[in-house]
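Peer 1: Attaching a single structure in structure tokens format; questions to follow.
Residue numbers (the working numbering): 231 to 733.
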């Protein structure tokens with residue numbers, strides 16, 4: 231039976247964040263509408279003609295979408311508040327049971343020290359409380375699963391509604407007159423900003439420059455303030471957008487999920503759903519070609535992408551080459567040179583190798599989850615035992631498709647050692663978060679990756695750009711299913727917030 235555990239205060243903070251986010255989003259778009267109103271009313275057309283009618287229609291549509299979007303945010307927040315209450319109630323009961331248990335042990339020691347004394351040990355009360363806790367755990371666990379399913383159902387709606395609002399606001403042809411054209415927005419003022427404040431500032435500039443890009447795309451005969459052609463203005467806007475992404479803006483930056491050895495599209499299903507579902511799935515098929523499949527997530531703000539390898543046990547070098555080719559196609563499809571990568575297990579190693587080989591300029595943020603950066607000592611031990619056991623030697627050596635990849639993941643293998651030796655080629659500007667499990671203790675780590683290997687990227691990344699966080703109750707296959715670990719990753723990627731680092 232699973233246990234509903236965790237930091238109820240952290241869950242409450244997330245619920246509060248969603249509540250405030252609903253109002254922040256509403257206020258943000260209302261400011262855009264107010265600015266557009268000022269531009270329209272001060273223009274030569276005033277409130278007359280086609281522009282005024284289109285503006286009124288667009289405003290009404292935006293307000294409807296804002297109301298629906300705010301409602302979804304509030305529903306998600308309500309779900310999290312309920313979950314926090316359940317976690318807090320169970321934790322209080324567990325604390326009480328442990329206190330009673332300690333008191334009972336103290337009384338038993340008293341009886342042992344003084345044979346003539348016979349105080350009553352309330353063991354029946356303790357057992358009754360543990361029985362109640364077990365019953366509540368079963369009940370709350372079922373409720374939590376239903377509530378999380380409800381929350382997962384809400385997330386895609388948030389992205390879809392946000393996209394609809396932006397679409398309505400960016401209908402430049404209807405709102406902007408000839409004398410009121412949008413101008414490119416510089417990044418002046420970003421210096422000194424940190425965390426979510428920095429990310430939101432950069433994202434605002436990306437969104438505003440997207441408006442400029444769309445305006446000149448829709449008006450190819452228009453000219454800029456200094457006589458620039460529409461094509462030149464589009465180029466200026468795009469360069470400013472890319473500069474903002476390079477400095478940490480996440481608007482329009484694909485979030486790439488990369489599975490590990492023998493993984494598949496299902497590996498990151500829970501996590502991808504948490505981010506609103508897949509926008510695109512690129513599969514490297516057995517013929518060495520890329521198959522692209524669109525998903526249901528239509529968000530342009532934070533597109534979610536999966537890299538899938540049909541031959542899941544490819545050799546290190548081959549998989550890195552395929553990763554590079556898929557990335558080239560992704561950059562063309564999403565009109566940006568930048569991306570954020572989340573890699574599980576070998577997926578983190580392949581991404582590290584890609585960054586070293588290419589300079590990794592386009593990888594702004596990189597998350598590893600249970601990635602054996604210096605190899606898997608656990609795999610090495612098992613591997614050596616298999617190869618020294620005569621009945622199994624032929625069997626293991628006969629699995630020619632799978633074994634090379636396992637060989638390369640062993641601690642001390644040539645590919646692993648070469649990658650470590652080339653760590654000076656790692657992009658110093660890439661922000662790194664390494665997430666590790668420790669369910670089986672220091673020696674076995676998450677059962678595949680030990681703690682030191684999972685956190686080895688601290689020797690690759692620049693000081694200040696690395697964070698490592700431990701989830702002691704997670705094993706290798708459960709790490710990317712843990713809601714708390716997923717929340718750490720989401721906060722790091724979207725809001726620039728670093729989780730509490732490993733001591």
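Here a beta-carbon is modelled for each residue, glycine too, at the ideal position from N, C-alpha and C. For clarity, every value in this text was computed on a predicted model and none was experimentally measured.
Alpha carbon to alpha carbon, how far is residue 296 from residue 256?
Peer 2: Residue 296 and residue 256: Cα-Cα distance of roughly 6 Å.
Peer 1: Which partner residues of residue 427 appear in the DSSP bridge assignment?
Peer 2: None, per the DSSP bridge assignment.
Peer 1: For my contact list, residue 585 and residue 697 are in at a C-beta cut-off of 8 Å; report their separation, rounded to the angstrom.
Peer 2: Actually they do not touch by this definition, with Cβ atoms about 17 Å apart.
Peer 1: Considering only the beta carbon of each residue, do residue 485 and residue 535 sit closer than 8 Å?
Peer 2: It is a contact, given that the beta carbons lie within the stated cut-off.
Peer 1: Considering only residues of the same chain and omitting the five flanking positions on each side of residue 541, which have a CB-CB separation below 6 Å?
Peer 2: Cβ neighbours of residue 541 beyond the five flanking positions: 516.
Peer 1: Just the Cα atoms here: how many angstroms apart are residue 430 and residue 523?
Peer 2: Answer to the nearest angstrom: the Cα atoms are 30 Å apart.
Peer 1: Where does residue 699 sit, in a helix, a strand or coil, going by DSSP?
Peer 2: Correct three-state label for residue 699: strand.
Peer 1: Run through DSSP, which three-state label would residue 720 get?
Peer 2: DSSP places residue 720 in helix when its eight states are reduced to three.
Peer 1: If I measure Cβ to Cβ from residue 500 and keep anything under 8 Å in the same chain, skipping five residues before and after, which residues do I get?
Peer 2: Around residue 500: 710, 711 and 716.
Peer 1: In whole angstroms, what separates the C-alpha of residue 518 from that of residue 552?
Peer 2: Distance between the alpha carbons of residue 518 and residue 552: 8 Å.
Peer 1: Count the other CB atoms within 10 Å of the CB of residue 362; is the residue buried (16 or more) or exposed (fewer)?
Peer 2: Result: exposed.
Peer 1: Under a Cβ-count criterion, where at least 16 other Cβ atoms within 10 Å of its own Cβ denotes burial, should residue 643 be classed as buried or exposed?
Peer 2: Residue 643 comes out buried.
Peer 1: Report yes if the CB atom of residue 683 is closer than 8 Å to the CB atom of residue 603, and no otherwise.
Peer 2: Yes. Within cutoff.
Peer 1: Measuring alpha carbon to alpha carbon, tell me which residue in 477, 328, 312 and 689 is nearest residue 423.
Peer 2: Answer by Cα proximity: 477.
Peer 1: How big is the Cα-Cα spacing for residue 464 and residue 435?
Peer 2: Those two C-alpha atoms are separated by around 14 Å.
Peer 1: On a CA-only basis, which of 573, 568, 599 and 474 is nearest residue 592? Give me that one, please.
Peer 2: Considering only alpha carbons, the answer is 568.
Peer 1: Where do the N-terminal and C-terminal ends of the alpha helix (DSSP H) with residue 560 fall, by residue?
Peer 2: Per DSSP, residue 560 belongs to the alpha helix (DSSP H) from 546–563.
Peer 1: Is it the case that the Cβ atoms of residue 421 and residue 443 are separated by a distance below 8 Å?
Peer 2: Their beta carbons are not under 8 Å apart, which means residue 421 does not touch residue 443 by this criterion.
Peer 1: Quick check: does the Cβ of residue 707 come within less than 7 Å of any heavy atom belonging to the ligand MN?
Peer 2: As presented, the structure is devoid of all ligands, the ligand MN included, so that no description of it is given.
Peer 1: Please tell me whether residue 572 and residue 719 are closer than 8 Å, where the distance is taken between their beta carbons.
Peer 2: The answer is yes: Cβ separation under 8 Å.
Peer 1: In whole angstroms, what is the alpha-carbon distance linking residue 647 and residue 575?
Peer 2: When rounded, the distance between both Cα atoms is 17 Å.
Peer 1: In whole angstroms, what is the alpha-carbon distance linking residue 629 and residue 492?
Peer 2: Low per-residue confidence applies at residue 629: pLDDT is 41, beneath 50, and the placement is therefore not dependable enough to give any value.
Peer 1: State yes or no: is the C-beta of residue 557 within less than 8 Å of the C-beta of residue 482?
Peer 2: Contact flag unset, no.
Peer 1: So residue 469 is in the alpha helix (DSSP H); what residue range does that whole segment cover?
Peer 2: Here the alpha helix (DSSP H) through residue 469 covers 460–476.
Peer 1: Compute the Euclidean distance between the alpha carbons of residue 596 and residue 480, then round it to the nearest angstrom.
Peer 2: Going from the Cα of residue 596 to the Cα of residue 480 covers about 13 Å.
Peer 1: Which class does residue 662 belong to by DSSP, given the choice of helix, strand or coil?
Peer 2: Residue 662: strand per DSSP, three-state reduction.
Peer 1: Excluding sequence positions up to five away, which residues of its chain have a Cβ less than 6 Å from the Cβ of residue 188?
Peer 2: A question about residue 188 goes unanswered here, because the residues of the chain that appear run from 231 up to 733.
Peer 1: Classify residue 328: buried if its beta carbon has 16 or more other beta carbons within 10 angstroms, exposed otherwise.
Peer 2: With fewer than 16 Cβ atoms within 10 Å of its Cβ, residue 328 is classed as exposed.
Peer 1: Look at the alpha carbon of residue 663 and the alpha carbon of residue 656, and state the distance between them as a whole number of angstroms.
Peer 2: Computed Cα separation, rounded: 14 Å.
Peer 1: Suppose you measure from the CA of residue 582 to the CA of residue 369; what does that come to, to the nearest Å?
Peer 2: Taking the straight line from one Cα to the other gives about 43 Å.
Peer 1: Closer than 6 Å by C-beta to residue 526: which residues in its own chain qualify, once you throw out the five before and the five after it? Chain order, please.
Peer 2: Here the set comprises 507.
Peer 1: How big is the Cα-Cα spacing for residue 405 and residue 456?
Peer 2: Because the pLDDT at residue 405 is just 36, under 50, the model does not fix this residue reliably, and the value given afterwards should be weighed accordingly. Taking the straight line from one Cα to the other gives about 22 Å.
Peer 1: What do you get for residue 729, buried or exposed, if any count of 16 or more other CB atoms within 10 angstroms of its CB means buried?
Peer 2: Per the 10 Å Cβ criterion, buried.
Peer 1: For residue 588, collect the residues of the same chain with a Cβ closer than 7 Å to its Cβ; drop the 5 residues on either side in sequence, then sort them by chain order.
Peer 2: The answer, listed in chain order, is 554.
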